[in-house]
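Novice:
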Amino acid sequence: MNGLNTAKMLLLRGNSGAEVRELKTALQRALGEHAAIEYGLVLDEQFDAATESALRAWQASAGLVADGIAGPRTRAALGCPSAAKQALRVDASLVSRLFPFTGSASVALNLPYVSSALAEFGLTEERLVYAALATIRAEAEGFVPIAEQPSPFNTRPGQEAFGVYDGRLGNRLPGDGARYRGRGYVQLTGRHNYARFGAMLGIPLLDNPDSACSPEVAACLLAAYLDANRARLCAALDTEHEDLVAARRVVNGGSHGLQRFRETYTRAKELLASFGGRLFDTAAPQDGPDDQV
16 MNGLNTAKML LLRGNSGAEV RELKTALQRA LGEHAAIEYG LVLDEQFDAA TESALRAWQA
76 SAGLVADGIA GPRTRAALGC PSAAKQALRV DASLVSRLFP FTGSASVALN LPYVSSALAE
136 FGLTEERLVY AALATIRAEA EGFVPIAEQP SPFNTRPGQE AFGVYDGRLG NRLPGDGARY
196 RGRGYVQLTG RHNYARFGAM LGIPLLDNPD SACSPEVAAC LLAAYLDANR ARLCAALDTE
256 HEDLVAARRV VNGGSHGLQR FRETYTRAKE LLASFGGRLF DTAAPQDGPD DQV
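If you're matching positions, the sequence shown starts at 16 in the working numbering and goes up one per residue.
#1: Could you spell out where the beta strand (DSSP E) holding T233 opens and where it closes?
#2: If you draw a straight line from the C-alpha of N30 to the C-alpha of D63, how long is it?
#3: Give the straight-line distance between the Cα atoms of A33 and F136, rounded to the nearest whole angstrom.
#4: Determine the burial state of A102: buried for a count of at least 16 other Cβ atoms within 10 Å of its Cβ, exposed for fewer.
#5: Count the other CB atoms within 10 Å of the CB of E15; is the residue buried (16 or more) or exposed (fewer)?
#6: Please return the same chain residues whose Cβ sits closer than 6 Å to the Cβ of P165, not counting the five positions on each side in sequence.
#7: Leaving out the 5 sequence neighbours to the left and right, which residues in its chain are closer than 7 Å to T170 when beta-carbon positions are compared?
#8: With the cut-off set at 7 Å, would you say S244 and V260 are in Cβ contact?
#9: For S130 versus A91, is the C-beta distance shorter than 7 Å?
#10: How many Å lie between G197 and A149 at the Cα?
#11: What residue from Y200, A238, H271 and A227 has the CA that sits closest to F168's CA?
#12: Classify S76: buried if its beta carbon has 16 or more other beta carbons within 10 angstroms, exposed otherwise.
#13: Excluding the five sequence neighbours on either side, which residues of its own chain have a C-beta within less than 6 Å of the C-beta of A22, listed in chain order?
#14: Applying the criterion that 16 or more other CB atoms from any shown protein chain within 10 Å of the CB defines a buried residue, is V232 buried or exposed?
#15: Determine the closest residue to A44 out of T254, L220, A81 and G94, with distance taken between C-alpha atoms.
#16: Between S121 and G78, which are expected to be in contact by the criterion C-beta below 8 Å, what is the C-beta distance as a whole number of angstroms?
#17: From this set, F212, A239, R206 and R277, which residue's C-alpha is nearest H256's C-alpha?
#18: Using the beta-carbon count (16 or more within 10 Å), is L248 buried or exposed?
#19: Determine the extent of the beta strand (DSSP E) in which A262 is found, giving its start and end residues.
#20: Quick one: give me the first and last residue of the beta strand (DSSP E) that L42 is part of.
#21: I need the boundaries of the alpha helix (DSSP H) containing L216, first residue and last residue.
#22: What separation, rounded to the nearest whole angstrom, lies between the Cα atoms of D305 and A250?
#23: Starting from L103, follow the alpha helix (DSSP H) in both directions and report where the run begins and ends.
#24: How about L19 and L38: do their beta carbons lie closer than 7 Å?
#25: Please list the segments of the alpha helix (DSSP H) lying wholly inside the region 80-140, counting only runs of 4 or more residues, in order along the chain.
#26: Straight-line CA distance for G268 to S97?
#27: Please determine, among A155, R142 and A99, the residue with the shortest C-alpha to C-alpha distance to N125.
#28: Does the separation of the CB atoms of L203 and G213 fall below 7 Å?
#29: Measure the CB-CB distance between A147 and L133 and report whether it falls below 7 Å.
Here is the structure:
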């Protein structure tokens, strides 16, 4: 997205700069001065261990995943001024209808991370929101960011798990296939993609590939991937009859999960028509956590 500083979208230990100071100021306000002193929170531009501890404590108290990562969801809930100017409010109860085999609790917990990331990237058009939800169901139907498991598609009989990926997708070192296996809502795969999107988001994804399954990171990777391929995705969805096969290939490249993708995208459109636009809307962000974002 033009003009978007994606490298400052996710803040974690080791980061520095004005965005960190903004985060710490909001965190001090949310925790209260006494609690901030207790955690040793100093209002500077360094995201240190004390900042991470204070952030984890606040996240836990606010009902967020306490991973110490401040992404769009956490920063919006804290009321950080640099959070997305326009919130994407998605009705979790209606989205649950798009995931018939998924517990509503998973949708309620993880949907706000996704909608916050989509808003941050400006992916708020109806068709793009539908495509994002359909992608999640196709890749991670439980609406939880997951790591790929060994299967006949990625592991040859009698060989190391994920060996099919060795020597491909930028993998060049022994074990890279397993190290950079599919993770998150888009099943990001391969050293090349971990390097590319880690750099895009300003996080050490190559050094810590498991972080791709953190709710904040997984949601931003989904949004970043769709945004990077926005032209192709929109071209597929702009056709008269909406080429959902081509839209699915934007993420997967094949037909894996196509039926789930198609069902979810089509059902989302039907729900929007049935409920008069209540599936989602855009509005100014509100302070504090919310079951709609």
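The C-beta atom is built at its ideal place from N, Cα and C for all residues, glycine as well.
Specialist: Reading off the structure:
#1: On the sequence shown, position 218 is the one that residue 233 refers to. In the sequence as displayed, the identity of residue 233 is Ala instead of Thr. For A233, there is no enclosing beta strand (DSSP E); the residue is found in the alpha helix (DSSP H) stretching over P230 to A243.
#2: As a position in the sequence shown, residue 30 is number 15, starting the count at 1. As a position in the sequence shown, residue 63 is number 48, starting the count at 1. Taking the Cα positions, N30 is about 8 Å away from D63.
#3: What you label residue 33 is simply residue 18 of the sequence shown in a count that begins at 1. What you label residue 136 is simply residue 121 of the sequence shown in a count that begins at 1. Distance between the alpha carbons of A33 and F136 is about 20 Å.
#4: What you label residue 102 is simply residue 87 of the sequence shown in a count that begins at 1. Burial is judged here by how many other beta carbons sit within 10 angstroms of a residue's own beta carbon; A102 has at least 16 and is buried.
#5: Any question about residue 15 goes unanswered here, given that the chain covers just 16 to 308.
#6: Taking the sequence shown and counting its residues from 1, the one referred to as residue 165 is at position 150. Counting only Cβ-Cβ distances below 6 Å, and skipping sequence neighbours, we find A176.
#7: Here the question's residue 170 lines up with position 155 in the sequence shown. Contacts found: A176, F177, G178 and V179.
#8: Counting from one through the sequence shown, the residue named residue 244 turns up at place 229. Counting from one through the sequence shown, the residue named residue 260 turns up at place 245. Correcting the residue identity first, residue 244 is Asn in this sequence and not Ser. Contact flag unset, no.
#9: The residue you call residue 130 lines up with position 115 of the sequence shown. The residue you call residue 91 lines up with position 76 of the sequence shown. In this structure, S130 lies away from A91, with their beta-carbon atoms at least 7 Å apart.
#10: Counting from 1 along the sequence shown, the entry for residue 197 is found at position 182. Counting from 1 along the sequence shown, the entry for residue 149 is found at position 134. One alpha carbon belongs to G197, the other to A149, and they sit about 18 Å apart.
#11: Position 153 of the sequence shown, counted from the start, is the residue given in the question as residue 168. Of Y200, A238, H271 and A227, the residue nearest in Cα terms is H271.
#12: Taking the sequence shown and counting its residues from 1, one reaches residue 76 at position 61. Taking all protein chains shown into account, S76 has fewer than 16 neighbouring C-beta atoms within 10 Å of its C-beta and is therefore exposed.
#13: For this step, residue 22 is matched to residue 7 along the sequence shown. For A22, where only same-chain residues beyond five positions count, the Cβ hits under 6 Å are G217.
#14: Counted from its first residue, the sequence shown places residue 232 at position 217. Flag for V232 reads buried.
#15: On the sequence shown, residue 44 is found 29 positions in, with the first residue counted as 1. For the record, residue 44 in the displayed sequence is Arg; it is not Ala. Answer by Cα proximity: G94.
#16: Locating residue 121 in the sequence shown gives position 106, where the first residue counts as 1. Locating residue 78 in the sequence shown gives position 63, where the first residue counts as 1. G78 and S121 do not touch by the CB rule: their CB atoms are close to 14 Å apart, not below 8 Å.
#17: Stepping through the sequence shown from its first residue, residue 256 is reached at position 241. Out of F212, A239, R206 and R277, R277 has the C-alpha closest to the C-alpha of H256.
#18: Counting from one through the sequence shown, the residue named residue 248 turns up at place 233. Of the other Cβ atoms in all chains shown, 16 or more fall within 10 Å of the Cβ of L248; this residue is therefore buried.
#19: Here residue 262 refers to the residue found at position 247 of the sequence shown. It is not in any beta strand (DSSP E) - A262 instead sits in the alpha helix (DSSP H) that spans L259 to R264.
#20: Taking the sequence shown and counting its residues from 1, one reaches residue 42 at position 27. No beta strand (DSSP E) contains L42, which is instead part of the alpha helix (DSSP H) from A33 to L46.
#21: Counted from its first residue, the sequence shown places residue 216 at position 201. Residue range R206 to L216 is occupied by the alpha helix (DSSP H) that includes L216.
#22: Numbered from its first residue, the sequence shown carries residue 305 at position 290. Numbered from its first residue, the sequence shown carries residue 250 at position 235. Reliability fails at D305, whose pLDDT of 46 lies under 50, so the model's placement of it is uncertain and the value that follows must be treated cautiously. Taking the straight line joining both Cα atoms gives about 34 Å.
#23: Here residue 103 refers to the residue found at position 88 of the sequence shown. Premise fails: L103 lies in the beta strand (DSSP E), A102 to V105, not in any alpha helix (DSSP H).
#24: Position 4 of the sequence shown, counted from the first residue, corresponds to residue 19. Position 23 of the sequence shown, counted from the first residue, corresponds to residue 38. Against a cut-off of 7 Å, the Cβ pair of L38 and L19 comes out as no contact.
#25: Every alpha helix (DSSP H) stretch that sits fully inside the region 80-140 and reaches 4 residues is listed by chain position as 87-93, 107-113 and 119-135.
#26: For this step, residue 268 is matched to residue 253 along the sequence shown. For this step, residue 97 is matched to residue 82 along the sequence shown. Roughly 35 Å between the two C-alpha positions.
#27: Stepping through the sequence shown from its first residue, residue 125 is reached at position 110. Closest by alpha carbon: A155.
#28: On the sequence shown, position 188 is the one that residue 203 refers to. On the sequence shown, position 198 is the one that residue 213 refers to. Between L203 and G213, the C-beta spacing is not below 7 Å.
#29: As a working mapping, residue 147 is identified with position 132 in the sequence shown. As a working mapping, residue 133 is identified with position 118 in the sequence shown. Between A147 and L133, the C-beta spacing is below 7 Å.
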